[in-house]
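Novice:
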Amino acid sequence: MPDRKHPIPAWPAGGMDSELDRLRDLFFPRLDSINIAGLLTDPICRNTVIVSSFGAESAALLHYIHALRADLPVIFLDTGHHFAETFEYRDALAERLGLELIIVRPEPSLIAEEDPHDQLHADDPNACCTIRKTFPLQDVLQRYACWISGRKRYQSATRAALPLIERDGVRIKLNPLAFWTRDDINAYFKAHDLPRHPLEEKGYASIGCAPCTAAAVEGGASRSGRWPQMADKTECGIHLGPDGRFVRNRSLQTGAGIALEARHRKA
Ligand code: SF4
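Per the numbering used here, the very first residue in the sequence shown carries number 1; after that it's consecutive.
1. What three-state label does DSSP hand residue 162 in the structure shown?
2. Would you report the Cα separation of residue 43 and residue 177, rounded to the nearest angstrom?
3. Report whether the distance from the Cβ of residue 55 to the nearest heavy atom of the ligand SF4 is below 7 Å.
4. At a cut-off of 7 Å, would you count residue 208 as near the ligand SF4, judging by its Cβ distance to the nearest heavy atom?
5. Are residue 210 and residue 83 touching if we call contact CB-CB under 8 Å?
6. Give me the Cα-Cα distance between residue 141 and residue 98, rounded to the nearest whole angstrom.
7. Just to confirm, does residue 129 get its C-beta within under 7 Å of one of the non-hydrogen atoms of the ligand SF4?
8. Quick one: is the Cβ of residue 133 within less than 7 Å of any heavy atom of the ligand SF4?
9. Give a single yes or no on whether residue 43 has its beta carbon closer than 7 Å to a heavy atom of the ligand SF4.
10. By Cβ distance, which residues of its chain are closer than 7 Å to residue 54, with the 5 residues on each side in sequence left out?
11. At a cut-off of 7 Å, is residue 117 close to the ligand SF4 when judged by its beta-carbon and the heavy atoms of the ligand?
12. What are the boundary residues of the alpha helix (DSSP H) that residue 128 is part of?
13. Please specify which runs of the beta strand (DSSP E), each continuous and at least 3 residues long, are wholly inside the stretch 15–95, giving them in chain order.
14. Starting from residue 182, trace the alpha helix (DSSP H) in both directions and tell me its first and last residue.
15. Does at least one heavy atom of the ligand SF4 sit under 7 Å from the Cβ of residue 48?
16. Reducing DSSP to helix, strand and coil, say where residue 245 ends up.
17. Taking the DSSP output, what are the residues bridged to residue 134?
18. Is there at least one non-hydrogen atom of the ligand SF4 closer than 7 Å to the beta-carbon of residue 125?
19. Is it the case that the CB of residue 79 approaches a heavy atom of the ligand SF4 more closely than 7 Å?
20. Taking 7 Å as the cut-off, is the CB of residue 211 close to at least one heavy atom of the ligand SF4?
21. Would you kindly work out how many angstroms separate the C-alpha atoms of residue 189 and residue 152, rounded to a whole number?
22. Measuring only the C-alpha atoms, how far is residue 226 from residue 207?
23. Leaving aside the five residues before and after residue 200 along the sequence, list all residues of the same chain whose C-beta is less than 6 Å from its C-beta, in chain order.
24. CA-CA distance, residue 32 and residue 139?
25. Could you tell me whether the Cβ atoms of residue 39 and residue 23 are closer together than 8 Å?
26. Check each candidate in 95, 45, 46, 78 and name the one with the smallest Cα separation from residue 63.
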């Protein structure tokens with residue numbers, strides 16, 4: 001992590017268990033003493049995978065983690081709605097860093113059943129994210145004990161209390177950049193001469209699927225351009241919130257999303 005002098009906020013209450021306590025005590029007993037390299041060598045992190053959208057800031061996480069654990073594969077959720085620029089960027093970055101990509105796509109039969117006209121992103125973005133992101137990720141993560149996300153606290157209000165490590169069902173999730181700021185990210189890109197996502201120069205500060213991504217609101221949070229068609233939606237739903245449910249809206253879960261998840265669990 002780049003050197004910074006300003007204080008880092010305290011851990012949020014709750015959300016820890018004995019395994020997470022052990023990792024915290026070993027690798028970051030204090031929040032000004034964080035040892036991500038050590039954490040990644042712990043036996044519990046042996047079977048770990050990185051999940052990346054290859055969006056605006058992804059190169060920093062990928063480069064940082066790859067330098068510590070070059071053996072970790074990278075999952076890319078191909079929802080079928082990404083920008084062409086994202087595919088080009090993904091492939092260029094994967095080649096430059098020597099990444100092993102695992103490309104995961106939604107179940108075709110579920111798409112045919114739930115989104116036959118390819119309009120779900122407009123009609124019900126939460127349901128669209130559920131079948132195109134949440135379910136495919138849940139399925140592929142079955143193979144892993146631990147996964148890494150690139151989320152940062154500064155990105156949005158819903159991420160403001162993000163911990164470095166958290167429980168995700170039977171798995172552990174690491175958020176190694178949780179305390180990085182936008183300046184840290186920019187400094188890291190510069191220090192390692194990392195390429196920028198081509199859409200950044202058009203004002204896109206956070207880049208997801210094309211129908212659900214706009215340029216960031218001027219002066220707004222970096223994720224302010226996500227889901228412009230749905231003011232309440234803040235997350236795609238691959239991350240658990242403090243109530244143990246997938247976060248999609250400021251008001252957390254919706255009825256449609258809960259029903260889809262229940263059906264998926266039974267399947
Ligand atoms: S971000 Fe939009 S297009 Fe992508 S899965 Fe979610 S609702 Fe569908």
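We put the beta carbon where it would ideally sit given N, CA and C, even for glycine.
Please read all numbers here as calculations on a predicted model, not as lab measurements.
Specialist: On the basis of the coordinates in this document:
1. The residue you call residue 162 lines up with position 162 of the sequence shown. Looking at residue 162 - three-state DSSP - the assignment turns out to be coil, as it is neither helix nor strand.
2. On the sequence shown, position 43 is the one that residue 43 refers to. On the sequence shown, position 177 is the one that residue 177 refers to. C-alpha separation (whole angstroms): 21 Å.
3. Against the sequence shown, residue 55 aligns to sequence position 55. No, the Cβ of residue 55 stays beyond 7 Å of every heavy atom of the ligand SF4.
4. Start at 1 with the first residue of the sequence shown, and residue 208 comes out as number 208. Yes; taking the cut-off as 7 Å, the Cβ of residue 208 has a heavy atom of the ligand SF4 nearer than that.
5. As a position in the sequence shown, residue 210 is number 210, starting the count at 1. As a position in the sequence shown, residue 83 is number 83, starting the count at 1. Yes, they are a contact pair.
6. The residue you call residue 141 lines up with position 141 of the sequence shown. The residue you call residue 98 lines up with position 98 of the sequence shown. Cα to Cα, residue 141 sits roughly 22 Å from residue 98.
7. One-based indexing of the sequence shown puts residue 129 at position 129. Residue 129 Cβ: within cutoff of the ligand SF4.
8. Position 133 of the sequence shown holds residue 133. Yes, Cβ of residue 133 sits closer than 7 Å to a heavy atom of the ligand SF4.
9. For the purposes of this step, residue 43 is identified with residue 43 of the sequence shown, where counting begins at 1. Checking every heavy atom of the ligand SF4 against the Cβ of residue 43, none is found closer than 7 Å.
10. Start at 1 with the first residue of the sequence shown, and residue 54 comes out as number 54. Excluding residues within five positions, the ones whose Cβ falls inside 7 Å are 76, 86, 89, 90, 93.
11. As a first step, residue 117 must be located in the sequence shown, where it is residue number 117. No, the Cβ of residue 117 stays beyond 7 Å of every heavy atom of the ligand SF4.
12. One-based indexing of the sequence shown puts residue 128 at position 128. 125–129 is the span of the alpha helix (DSSP H), which, as asked, contains residue 128.
13. 48–51, 74–77
14. Numbered from 1 along the sequence shown, position 182 holds the residue referred to as residue 182. From DSSP, the alpha helix (DSSP H) with residue 182 extends over 182–191.
15. Your numbering for residue 48 matches position 48 in the sequence shown. Incorrect: residue 48 has no Cβ contact closer than 7 Å to the ligand SF4.
16. By 1-based counting over the sequence shown, the position of residue 245 is 245. Note on residue 245: pLDDT 47, under 50, position unreliable in the model; the coordinate value appears next. Residue 245: coil per DSSP, three-state reduction.
17. Reading the sequence shown from its first residue, position 134 is the one you call residue 134. Looking at the DSSP assignment, residue 134 forms no beta bridge with any residue, so it has no partner.
18. Position 125 of the sequence shown, counted from the start, is the residue given in the question as residue 125. Residue 125: yes, Cβ under 7 Å from the ligand SF4.
19. Residue 79 sits at position 79 when you count from the first residue of the sequence shown. Residue 79: yes, Cβ under 7 Å from the ligand SF4.
20. The residue you call residue 211 lines up with position 211 of the sequence shown. Flag set: Cβ of residue 211 near the ligand SF4.
21. The residue you call residue 189 lines up with position 189 of the sequence shown. The residue you call residue 152 lines up with position 152 of the sequence shown. Each residue's Cα considered, the two are about 15 Å apart.
22. Taking the sequence shown and counting its residues from 1, the one referred to as residue 226 is at position 226. Taking the sequence shown and counting its residues from 1, the one referred to as residue 207 is at position 207. Distance between the alpha carbons of residue 226 and residue 207 is about 8 Å.
23. Taking the first residue of the sequence shown as 1, we reach residue 200 at position 200. Contacts found: 56.
24. What you label residue 32 is simply residue 32 of the sequence shown in a count that begins at 1. What you label residue 139 is simply residue 139 of the sequence shown in a count that begins at 1. For residue 32 and residue 139, the distance between alpha carbons rounds to 36 Å.
25. On the sequence shown, position 39 is the one that residue 39 refers to. On the sequence shown, position 23 is the one that residue 23 refers to. Yes, the Cβ-Cβ distance between residue 39 and residue 23 is below 8 Å.
26. Within the sequence shown, the letter at position 63 stands for residue 63. Answer by Cα proximity: 95.
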